[in-house]
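Residue numbers (my numbering), protein chains in the order written: chain A, 1 to 319; chain B, 1 to 323; chain C, 1 to 320; chain D, 1 to 286.
Glycine included, each C-beta is placed from N, C-alpha and C at the ideal position.
Read through the structure below, which is laid out as structure tokens, and then see the notes.
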Amino acid sequence: MAEPTVPVLEVQDLSIAYGPVRAVDRVSFAVGRGETVGMVGESGSGKSTAVLGALRLLPAPGRIVGGTARLEGHDLLALDAPALRERWGARVALVPQGALSSLNPLLRVGDHFAETFAAHGVRPSEGGRERAASLLAKVGLDPRHLDSWPHALSGGMRQRVAIALGLALDPPLLVLDEPTTALDVVVEREILLQLVQLQREAGFAMVFVTHDLALLLELATRVAVLYAGRLVEEAPAAVLAAGGARHPYTRGLLAALPPAPGEARLPVSIPGVAANVADPPPGCRYHPRCPLAEPRCSVEAPATRGTTHRVACHLVEGA
Amino acid sequence: MNLVRRLSLYLLAAWVALTLNFILPRAMPGDPAQALYARFQGRLDPEALGALRLTLGISDAPMFEQYMSYLGQLARGELGTSLVYFPAPVGEVIGVGLGWTLFLAGGALIVAFALGSGLGAWAAWRRGGWTDTLLPPLLSFLGAFPYFWLAMAAAWFFGVQLGWFPVRHAYGPEVTPGWNLDFAASAVRHALLPGATMVVASLGGWMLTMRNTMVGVLGDEPVRFGLARGLSPRRLFVDYALRLALLPSLTSFGMALGFVLSGALLTEMVFGYPGQGMLLLQAVRGQDYPLLQGLFLTITLAVLGANAVVDVLVVALDPRARS
Amino acid sequence: MTAPLLSLRGIGVRFPQGGWPRHRFLRAAHAVDLDVGRGEIVALVGESGSGKSTLGRVVARLQEAHAGQLLLDGVDVLRSEPGGASLAYRRRVQLVFQDPFASLNPVHPVGHGVARSLLLHGHATAATVRERVQAGFAAVGLGKELVDRHPYALSGGQRQRVAIARALAVEPELIVADEPTSMLDVSVRTDVLRLFRRLADAESRAVLLVTHDLASARLVSDRAVVLYAGRVMESGPAARVLAEPRHPYARLLAAASRRHDGLAAPLPGRPGTPPVVDPPPGCPFAARCPEAIPACTAADAPVVAVAPDHLVHCHRAEPA
Amino acid sequence: MSRGDLRSRVGAALLLLFVLVAVAGPWLVADPVALVAKPLEPPSAEHWLGTTGQGQDVLAQTVVGARSTLLVGVVVGILVVALGAAIGATAGFLGGVADLVLGLVINVSLVMPGLPLMVILAAWLPPGPVTMALVLIFTGWPWHARVVRAQVLALRNRDFVAAAVVRGEPTWRVVAVEILPNLASLLGSSAVGATLYAIGAQVGLEFLGLGDLASVSWGTNLYWATNDSALLVGAWWTFVPTGVCLALVGFGLALLGFALDERANPRLAVSSSGAPGPTPVERTDG
């Protein structure tokens, strides 16, 4: 494994709370140039909360109660609003989960680009419209849509506009929060193919949040698995794809995936119900559903061990 | 196009108002004009009775024919002759009143809507600030007073006690009506107190509508995505939050027109302001039914017209409605 | 193959779109033929806008078809019960909804629906209904104590099982499942799918599984029908139709759903949306099809039997 | 105690106070109509709120006036919502032609201004509380019909209603057991709003002299107050007490309405966003 490049974003022991509930508990992850880190977890795991929190873009009533999030060396959790505004859109761009309804219905597509450029000091005279046109072409949209109203575009097209807006100022880091969950599988595939191509050309770092582990095995360089607000495993995607998952929950998720055509195995569900962050089980939060659980697991929360392959489990070693 | 559907709705409502106005006097048992004549116990000579029958369009002709002549009269702007202002035609009497009502009630309405929406937007933007915690209960308490009672209290305190403002009529006796400055100044001075009470009474409603809409808009995806692109607070406040929140408020503004105008009419009475309200009072007290019916028509048509204007405005502002 | 329990013949559904002077129509389904036998799971596969959910609602008699026949044991219920489904039909055909959160009335406890089904169809009396509801919950793997809880207290997977228990309460012969697992987490999805498999195998009920997820369909269904723009593109044994599809659109869908190919291979077919409002003649997929020939846009695709029970609606398909 | 609870408690307390005044009041005060002293006497030990233009006791008039005003207000409030809900629910649930016709009637009546119509009706009909109630109900139901119709249309398309149809429920049970219970909190806040509207409109009409001038109610009190030009003479005590009572009742109803609205639509309650800005950082662990 080559020495990982200097991380564009490095998140250390991030904790986030909604009132008394700790929705994210000391989560750490990092992403370098050209890398794609996948954040995967089921509903209520806190994957979106963690990523939005790290960027300080988590809406009320969420609040950050601990940890650091260094973007190009600066801790976002220590910056004030103006300093953050300089970076939002320029140094880190977010493609939100509700991208289908994220465009301002009262502004044309072109206006969205113009205002984003203007917010970061790019005067209209400096060819903003041409750049916007080339960005639309890059994501497979006809530039004439610069003059279209958002409601006139299909879901897939609006998603592409949101991605193009994310790339408007060539940010070193692009964060996508379940960008294709609401789309049909064919449109999703087309958008992801384009995204991988754009990353190969521009070399930006990418954080991709989804519940679709199978998709991350193809798309991501590394995968971070969250359960009930805690990081349970973080490893190279290739290792997980080759069956090298160590944490029982990750193994359970992989076993629950439907088989690929020609694959012999039958999927197996994980018993029990997902843990609720508002009332988490004591110790390791996965112990009620874990086949390897020992008495110790329901008492003491496991430490995260390992560097290139991190695991938070009493019974399994990291690497 | 739903604008066409909305406008046709207003035409239909106007027709219903006309027909209701035609049916009402005839729906009463007995011959309405005779009943009225009896009520006047001879204070009316037979010739006035004839005028009364004419104005009510009552004759022995079949109902449909009466309806047609009634509509014909309306088309020619003849609303019959007023009893209280006998023999002045109703149309003329109303014409003067309508002007003053539009000036007073219209002005107060626009000021209240603009001020209320501005305060509401600011209260939502500064969630938790004093505008958000103190103003809403205060304004909704003021709003709980009936319009005309606030007018009475204001007229008594600021007018009679402190004498800061005139409390009767639309302009002072010392000025001559016309397009000259001191007439305009006097008209404004006379409109200030009644206008202010109307603004205060309705401010709370507009503020709460805008604040609740704005709170919703500030949590929606477009604003969040704007923030994520580093847009300035000013841009987010004006081009995102305010514009998105204004549309639903404008629609509720259109719907509330009828209600607010009613309140304004009562305020005019307290101040003896020579608008539609004053006429309405005199018509009721003088049982001047032709004037009463004329007022009903003009007020209803005015409200319908205003609603249509608001609807056109909403469609003009919202591209989604234009497709 | 015994006679199918359910047969759709030439089913058409359209929604008026206004428009003046000529009324424009959205054609949600057109000339659809479909058979479901007892003990068999048939997957109705397509993307959003393909008309699959509409067809599911037609079978559940929530949506009227403007053309075609809906045969239950050979009887066309559209003619025998024109006014709307009879109680007898409701006893034989039940529907499980996609959104577990919306299909349970928030005001009543979750057992309410199951109890009402039992009482309406005489499978229980006021005295025995509570015990039968608890048995119904146990049959789908839910604890008895959940009966009195309200929907907000249950997880997505639990709610979907309640919906299935409600459908089973009337002892139906056919269950229409409208995307039953699309809102469930991966970890609980398989158990719900396996539940349908058991209904077919152990209790020989017929299941029409409406889904956009080829993987789930491949996992549990015996036969599959691929829909595009309201029309059948290909139908036959699930193993072949979903794994080695012959119709260009079915191939595009399979390629897009296949994982583990490293996002390398470009997709066989151009991007686009299905033509459903006053669609042009010919095959609806022609505009996006990499193998389209002039005939495709001229006339409707012929139905070609590439195998005894494997039909492909395509000009380019070669018969067996 | 959250802001919502405080509001509903204060609102409920205010209303309770006035209900007591309306019920027990008339036995506690003197005869409101009797001429007890010189006209327009300022408040004194003997007459706490002074006397009216005819020399009647203002306190008695205000207390006794509460009964008819509140009675008509509450009765109209409930009936107007009931009528509106019935028409709205029918239009919403039946759909098709019924919805078209009823929808049209609702929209047309909504667009027409209330007061002129009320004035005409009140002028033609014999004055009195029954006429007042009829006029208010006739002009007030469309607003609630529109609100309920929209809610029923939304509920009708929900899956749990389709589920009830699929299991074979008869139509009346689908409406009564599945849809109506979901309208409870909406009808609650509508009734409160309707009562507030009814009181305001009733007082307005009585102030115009269209009520039963012989009866004692807050509206007629204000009518006589202006009629005797108490205003110009500066006899504030003849109209201020009634006004304050009206405002307190109105405010109480508004507070109760807020609390019910928040229950019906939780989004208003949550102390949600203000100006969009960075997520706050409040370090608790090291």
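Is there a Cβ from chain A that is less than 7 angstroms from the Cβ of C/Ser187?
yes
Note down the Cα distance separating A/Pro258 from C/Tyr249, rounded to an integer number of angstroms.
22 angstroms
On the DSSP bridge assignment, give the partners of C/Tyr228 in chain order.
C/Arg231
The segment 88-102 of chain A in contact with the segment 160-175 of chain A per 3-pair CB rule at 8 angstroms:
yes
Need the endpoints of the beta strand (DSSP E) that A/Gly166 sits in, please.
First-last for A/Gly166: 155-166, but that is the alpha helix (DSSP H), not the beta strand (DSSP E).
D/Pro127 by DSSP, collapsed to three states: which one?
Looking at D/Pro127 - three-state DSSP - the assignment turns out to be coil, as it is neither helix nor strand.
Where A/Arg63 meets chain D, residues with beta-carbon distance less than 8 angstroms:
Going along chain D in sequence order, the residues near A/Arg63 (Cβ under 8 angstroms) are Thr279, Pro280, Val281, Glu282.
Between the C-alpha atoms of C/Arg258 and A/Glu263, what's the straight-line distance to the nearest angstrom?
12 angstroms
Rounded C-alpha distance that separates D/Arg263 from C/Glu171:
39 angstroms
Within 7 angstroms of any Cβ in chain A, is that where the Cβ of B/Leu236 sits?
no
I'd like to know whether the C-beta of D/Gly103 is nearer than 7 angstroms to at least one C-beta of chain C.
Output row for D/Gly103: interface = no.
Less than 7 angstroms between C-beta atoms, sequence neighbours within five positions excluded: which residues of the same chain meet that for B/Tyr10?
Leu304, Asn307, Ala308
Closest Cα partner of A/Leu176 within the set A/Arg289, A/Ser298, A/Val11, A/Leu55:
A/Leu55
Please give me, in chain order, every unbroken run of the alpha helix (DSSP H) with length at least 4 that falls completely inside the segment 166-233 of chain D.
184-207, 218-227, 230-233
Using the C-alpha atoms, what's the distance from A/Cys290 back to A/Ser298?
Taking the straight line from one Cα to the other gives about 11 angstroms.
Name, going along the chain, the residues of the segment 56-89 of chain A whose beta-carbon falls closer than 9 angstroms to a beta-carbon of chain B.
Leu57, Pro59, Ala60, Ala81, Leu84, Arg85, Glu86, Arg87, Trp88, Gly89
Please decide whether D/Val166 counts as near chain C, where near means a Cβ-Cβ distance under 7 angstroms.
yes
DSSP three-state label for A/Glu72, please.
coil
Just checking: is the beta-carbon of A/Pro281 within a distance shorter than 7 angstroms of some beta-carbon in chain C?
Answer no: the Cβ-Cβ gap between A/Pro281 and chain C never drops below 7 angstroms.
When burial is assigned at 16 or more other CB atoms within 10 Å of the CB, is D/Asp31 buried or exposed?
exposed
Please report the distance separating the alpha-carbon of B/Gly230 from that of A/Leu169.
11 angstroms
Assigned exposure category for B/Arg234 - 16 Cβ within 10 Å defines buried
exposed
Check distances from the C-beta atoms of the segment 73-87 of chain C to those of chain D and list, in chain order, the residues that come in under 7 angstroms.
Leu87
Cβ neighbour criterion (16 or more within 10 Å) applied to D/Gln202
The residue in question, D/Gln202, is buried, as its Cβ has 16 or more Cβ neighbours within 10 Å.
Applying a beta-carbon distance threshold of less than 8 angstroms, which residues of chain C neighbour A/Leu146?
Those do not exist, as A/Leu146 stays about 19 angstroms from chain C at its closest Cβ, beyond 8 angstroms.
What residue from C/Gly37, C/Arg27, C/Leu8, C/Val32 has the CA that sits closest to C/Ser204's CA?
C/Gly37
I'd like to know if A/Glu3 contacts chain C, where contact means its C-beta is closer than 7 angstroms to some C-beta of that chain.
Any reading at A/Glu3 is ruled out, since the residue's pLDDT is 45, under 50, leaving its predicted position unreliable.
Taking buried to mean at least 16 other C-beta atoms within 10 Å of its own C-beta, is B/Phe64 buried or exposed?
exposed
Among all the DSSP beta bridges, which residues are the ones paired with A/Arg305?
A/Val311
Environment of B/Asn212 [buried if 16+ CB atoms lie within 10 Å]:
The residue is buried, with at least 16 neighbouring Cβ atoms inside 10 Å.
Neighbourhood of A/Ala2 by C-beta distance below 8 angstroms, restricted to the same chain and skipping five residues each side:
With a pLDDT of 43 at A/Ala2, under the threshold of 50, the predicted position of this residue should be treated as unreliable, and no value is reported.
In chain order, what residues of the same chain have a beta carbon less than 8 angstroms from the beta carbon of C/Leu199, not counting five sequence neighbours either side?
Leu168, Ile175, Arg205, Val207
Beta-carbon proximity check, D/Gly257 vs D/Ser189, cutoff 7 angstroms
Taking 7 angstroms as the cut-off, the Cβ atoms of D/Gly257 and D/Ser189 count as close.
Anything in chain D within Cβ reach of C/Leu95, meaning under 7 angstroms, just list it in chain order.
Val166
At least one CB of chain B closer than 7 angstroms to the CB of D/Gly274: is that the case?
yes
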